[in-house]
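For the sequence shown, our numbering begins at 23 and goes up steadily by one.
Virtual Cβ for every residue (Gly too), placed ideally from N, Cα, C.
In what follows, a single structure is set out as structure tokens and then discussed.
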Amino acid sequence: MDSIGENIRKIRVLLGIKQAVMAKMLKLSVNFYGKIERNEVDIKTERLAQIARIFDIDLIYIINFNLFLENLKGKPSDLEVKQD
């Protein structure tokens, strides 16, 4: 199972959101936001909930990326995630 930071990155890329946009919405520096995606910092539940709201998804999908893929409407569950 991938880490929460990796899942955040995968979902962000699938949704077509740039790191700089996420950082701005979260009122963080791009550098610090990148650390979240690389699991270099601990992330609080409140921050995870904020990210889930930005993505407009349930928090469980950040924790379980496979569940996120299974619930994508009209998209195959074997989507390949591109590196950002």
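For the alpha helix (DSSP H) containing residue i, list its first residue and its last residue.
i	result
Lys-46	41-48
Gly-56	52-59
Asn-86	Run containing Asn-86: none; DSSP gives neither H nor E here.
Glu-68	67-77
Leu-94	Segment: none, Leu-94 is in no alpha helix (DSSP H) and carries neither H nor E.
Leu-81	Premise fails: Leu-81 is in no alpha helix (DSSP H) and is neither H nor E.
In chain order, what residues of the same chain have a beta carbon less than 7 Å from the beta carbon of residue i, not counting five sequence neighbours either side?
i	result
Asp-24	Phe-87
Leaving out the 5 sequence neighbours to the left and right, which residues in its chain are closer than 8 Å to residue i when beta-carbon positions are compared?
i	result
Ile-65	Ile-26, Gly-27 and Ile-58
Arg-69	Leu-48 and Ile-58
For residue i, I'd like the list of residues in its chain whose CB is within less than 6 Å of its CB, leaving aside the five on either flank, ordered along the chain.
i	result
Arg-31	Glu-59
Is residue i a contact residue of the ligand NAP, with contact defined as CB to any heavy atom under 7 Å?
i	result
Val-63	No copy of the ligand NAP occurs in the structure displayed, which carries no ligand at all.
Kindly give me the distance between the Cβ atoms of residue i and residue j, rounded to whole angstroms, as I take these residues to be in contact under 8 Å.
i	j	result
Ile-39	Phe-90	Not really, about 14 Å apart at Cβ, beyond 8 Å.
Ala-71	Asp-80	Going by Cβ atoms, the distance from Ala-71 to Asp-80 rounds to 10 Å, so no, they are not a contact pair.
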